[in-house]
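So the sequence shown is residues -19 to -1, 1 to 292, counted in mature numbering (1 follows the signal peptide of the UniProt record, and there is no 0). Glycine included, every Cβ here is placed at the ideal spot set by N, Cα and C.
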Amino acid sequence: MFIVAPLVSTALLLTLSNAQIIAGNESIKLESVLGLATKCLTASSLSNGARVVIEPCGANATSLNSWTISGGTDARGQISTNGFCLDVVDGVDTDGTQLQVWKCSPRDTAQFFTLTSGGNIQWNGGSNNKCVDVTDGNLSNGNVVQIWDCDTNNTNQKFKSIKYTIPVWFATELRPPSSVSPLNCITAASASANAPITIAPCTSSFTNQLFQDPNNNGQMILSGSNLCITPAGNTLANGTKLVLAPCDDSNAVQFWDHTFIEIVNMANTNFVIDLTDGNTTAGNQLQVWTFIVGNTNQNQFIEQGFSSPPS
């Protein structure tokens, strides 16, 4: 294995010695200390077997690079994002085994790690002497990370814990594992009551694609308005189209669990937002439909958060 930067700078030593202490169940980004570019551990998608890769951290956390540390610093636990856990492929205790995400299981030893105060992510399965390692010290986007014998002096294995807060604004992308640019976003046809909620290419300013949930209670409020994503006629039934309607805190069907890859209606968790007929043509109006495991019309919504509105 090629180890980058054998001479560790004073600045890097200070970074490592002042690693943030993470509380149990706190969410963070995991940034490699290598190089000048900020690169983070990122799930390539939220699906079983999706590899964990190096990608730009970005100014804001996304559903793919925000990790919840169940045990906190120096405690054994799972490292998860939206119900998918960091996982050693097939639990193979060999240098070079790749990392993936897999649905979290409390009994899967391939999913238990310790984030150390020294910045290592140590796998607690197998020999208990393997750490998450940036393969060949290569920060190229898409480089799949691996496990390797732990070495406290190996900067390929050092990560900074970047805390973040719940985003004030968010856009929701439809991001299939094989997606190519441009991505599609949940989009209001206009900023007016009864406007259809559609799919359309994401824009740089996210016009009519930017939503807020100021109380963190599940409403999806079009930014700059008092209009919420709502099933038409307040009806939860297969095929009911989505529209904007005046926000009403007493209207249960306006509340969604929108932080997962499926956007689940909290009034009846059997219903989720669904890409109508799987059609990504701009202007296709979204609907609600009964949740179906593995349905790619339902399980590819990735939320991107912003601390300030993009322009």
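| query | Would you call the CB atoms of Ser47 and Cys85 closer than 8 Å? | reply | no
| Do the segment 1 to 16 and the segment 68 to 77 make contact, defined as three or more Cβ pairs closer than 8 Å? | no
| query | If Ser44 and Leu67 are in contact, beta carbons under 8 Å, what's the gap, nearest whole angstrom? | reply | At roughly 15 Å, the Cβ-Cβ gap does not stay under 8 Å, so Ser44 and Leu67 are not in contact.
| How big is the Cα-Cα spacing for Val253 and Gln81? | 26 Å
| said: For Gly259 and Ser185, I'd like the C-alpha separation in whole angstroms. | reply: 24 Å
| said: Judging by CA-CA distance, which residue of Gly214, Gly107, Asn219 and Ala226 is the nearest neighbour of Asn207? | reply: Ala226
| message | Within 10 Å of its beta-carbon, does Gln281 have 16 or more other beta-carbons around it, so buried, or fewer, so exposed? | response | buried
| Contacts around Gly77, its chain only, beta-carbon distance under 6 Å, and the 5 residues preceding and following it disregarded | Gln127
| query | Is it a yes or a no for the segment 114 to 133 touching the segment 49 to 58, going by three-plus beta-carbon pairs under 8 Å? | reply | no
| message | Using the Cβ count rule (16 or more neighbours within 10 Å means buried), how would you classify Ser121? | response | exposed
| request: Give every residue of the same chain whose Cβ lies closer than 6 Å to the Cβ of Val245, excluding the five residues on either side of it in the sequence, and list them in chain order. | output: Asp238 and Val253
| For the beta strand (DSSP E) that contains Pro212, what are its first and last residues? | Leu208 to Pro212
| query | Is it true that the CB of Ile178 sits closer than 8 Å to the CB of Ile210? | reply | yes
| request: Tell me, please, whether the CB atom of Met201 is closer than 8 Å to any CB atom in chain C? | output: Going by chain labels, chain C is absent from the structure shown, which holds only one protein chain.
| According to DSSP, residues forming a beta bridge with Val33 | Ala24
| task | Pick out whichever of Asn232, Gly199 and Ile143 has its Cα sitting closest to the Cα of Ala213. | result | Asn232
| Taking the C-alpha atoms as reference points, what is the distance between residue 334 and Gly106? | A query on residue 334 cannot be resolved here, the shown segment of the chain reaching from -19 to 292 and no further.
| said: What would DSSP say about Thr136, mapped onto helix, strand or coil? | reply: helix
| task | Could you pull out every residue in the same chain whose Cβ sits closer than 6 Å to the Cβ of Ala152, ignoring the five residues on either side in sequence? | result | Cys166, Phe187, Gln190, Leu191 and Gln285
| query | If we count the other Cβ atoms within 10 Å of its Cβ and call it buried at 16 or more, is Asp194 buried or exposed? | reply | buried
| query | Among Trp104, Leu203 and Lys20, which residue has its Cα nearest to the Cα of Phe94? | reply | Trp104
| request: Assign Asp114 to one of two classes, buried (16 or more other C-beta atoms within 10 Å of its C-beta) or exposed (fewer than that). | output: buried
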